[in-house]
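Take a look at the structure below.
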């Protein structure tokens, strides 16, 4: 599974370079709001058909509404306030929902260069919180992590950039995002020191394929592809510098059928640490299916 993800990552970055070489004149302009929304977390609900080593779930839901803070539509600087929550309902007696991830955050995006160009660079920063709403002891009596009621909390900031391009040849809008995420030790629980990865390098490639249409505005993507990688940089769990346990990688394919307005279907391959708060020491290799929202129009 690890080798498959590495091949996918290399392939997509090669395709990204090829796309950039094939771009001719700009024929699509994107305002900063669309760039920001395209790079926020997607809202989704999974089907109870996960394949892999995750515990049996009825569903996992990511609820991530975005509230835009801006002076006007063509502003160079905007803020995005997000009250993100991830919920897992387990396929067990009484179908419990355990320790949701509460991830409120505020992001700022600054657009550089020509506002009307489709080839743009955007700088962004984020301040976020991640906790599970529990106040029990972090450890059980036997020394294991208390997954049911153990307290988990950390705060972090993220800084990076987004490159936006439009390919006339492929009729696709493409984004490449790179950033560093930092959890200062004074911003996280003492119990997380040396166990939780507090310094991460993120890279994301995302492409939206637009329909062939005479209309030049309000095009809804037929499908999108997203590849995400994260490399853990700090010293945790006695991992070597190039230990593949430091790699998180995902590949998400989204299809938007014509008979649905704002949602579509997705399939995702994920390898890496569990992102569900206090479950962070679990390693996941899963394939999942579900519904995903898509309200962007280009």
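Residue numbers (the numbering used here): 753 to 1050.
We put the beta carbon where it would ideally sit given N, CA and C, even for glycine.
| Presumed contact (8 Å Cβ cut-off) between residue 1036 and residue 806, rounded CB distance | Here residue 1036 is taken as the residue at index 284 of the chain shown, counted from 1. Here residue 806 is taken as the residue at index 54 of the chain shown, counted from 1. Between residue 806 and residue 1036 the Cβ distance is about 6 Å, and since that is below 8 Å, they are a contact.
| field | Beta-carbon gap between residue 932 and residue 914 smaller than 8 Å | value | The sequence position of residue 932 within the chain shown is 180, counting from 1. The sequence position of residue 914 within the chain shown is 162, counting from 1. Their beta carbons are not under 8 Å apart, which means residue 932 does not touch residue 914 by this criterion.
| What's the call for residue 994, buried or exposed, on a 16-neighbour Cβ count within 10 Å? | For the purposes of this step, residue 994 is identified with residue 242 of the chain shown, where counting begins at 1. Burial call: exposed.
| According to the neighbour-count rule (16 or more other Cβ atoms, all chains shown, within 10 Å of its Cβ), is residue 864 buried or exposed? | For this step, residue 864 is matched to residue 112 along the chain shown. Per the 10 Å Cβ criterion, exposed.
| said: Among the candidates 857, 1007, 828, 906, whose CA atom is the shortest distance from the CA of residue 872? | reply: In the chain shown, counting from the first residue as 1, residue 872 sits at position 120. Comparing Cα positions, the closest option is 828.
| query | How about residue 812 and residue 840: are their beta carbons less than 8 Å apart? | reply | Here residue 812 is taken as the residue at index 60 of the chain shown, counted from 1. Here residue 840 is taken as the residue at index 88 of the chain shown, counted from 1. A distance below 8 Å separates the beta carbons of residue 812 and residue 840.
| query | Is it a yes or a no for the segment 879-886 touching the segment 790-806, going by three-plus beta-carbon pairs under 8 Å? | reply | The segment 879-886, when compared against the segment 790-806, does not touch it at the 8 Å Cβ threshold.
| task | Run the CB neighbour count on residue 1046, radius 10 Å, all protein chains shown included, and call it buried at 16 or more, exposed below. | result | Looking up residue 1046 in the chain shown gives position 294. Buried, because 16 or more other Cβ atoms sit within 10 Å of the Cβ of residue 1046.
| field | In DSSP terms, what residue 1022 is bridged to | value | Counted from its first residue, the chain shown places residue 1022 at position 270. The partner list for residue 1022 (beta bridge, DSSP) reads 1002, 1038.
| For residue 794, which residues from the same chain have a beta carbon less than 6 Å from its beta carbon, with the 5 sequence-adjacent residues on both sides left out? | Here residue 794 is taken as the residue at index 42 of the chain shown, counted from 1. Once the five neighbours on either side are set aside, the close Cβ partners of residue 794 are 1044.
| query | Can you round the beta-carbon distance between residue 950 and residue 934 to whole angstroms, since I take them to be within the 8 Å contact cut? | reply | Indexing the chain shown from 1 puts residue 950 at position 198. Indexing the chain shown from 1 puts residue 934 at position 182. Beta-carbon to beta-carbon, residue 950 and residue 934 are separated by about 7 Å, close enough to satisfy the 8 Å threshold.
| request: Compare the C-alpha of residue 998 against each of 1012, 892, 989, 1005 and name the closest. | output: Your numbering for residue 998 matches position 246 in the chain shown. Measuring from the Cα of residue 998, the nearest candidate turns out to be 989.
| field | Continuous beta strand (DSSP E) assignments of at least 3 residues falling wholly in the segment 876-947 | value | Counting only runs of 3 or more, we get 905-919, 924-934.
| request: Let me know the secondary structure DSSP gives residue 834 once reduced to three states. | output: One-based indexing of the chain shown puts residue 834 at position 82. In the structure shown, residue 834 falls within a strand segment according to DSSP collapsed to helix, strand and coil.
| field | Cα-Cα separation between residue 984 and residue 953, rounded to whole angstroms | value | What you label residue 984 is simply residue 232 of the chain shown in a count that begins at 1. What you label residue 953 is simply residue 201 of the chain shown in a count that begins at 1. Taking the straight line joining both Cα atoms gives about 7 Å.
| said: Using 8 Å for Cβ pairs, my map puts residue 830 next to residue 788. What's the rounded Cβ distance? | reply: Counting from one through the chain shown, the residue named residue 830 turns up at place 78. Counting from one through the chain shown, the residue named residue 788 turns up at place 36. In this structure residue 830 touches residue 788 by the C-beta definition: roughly 6 Å separates them, less than 8 Å.
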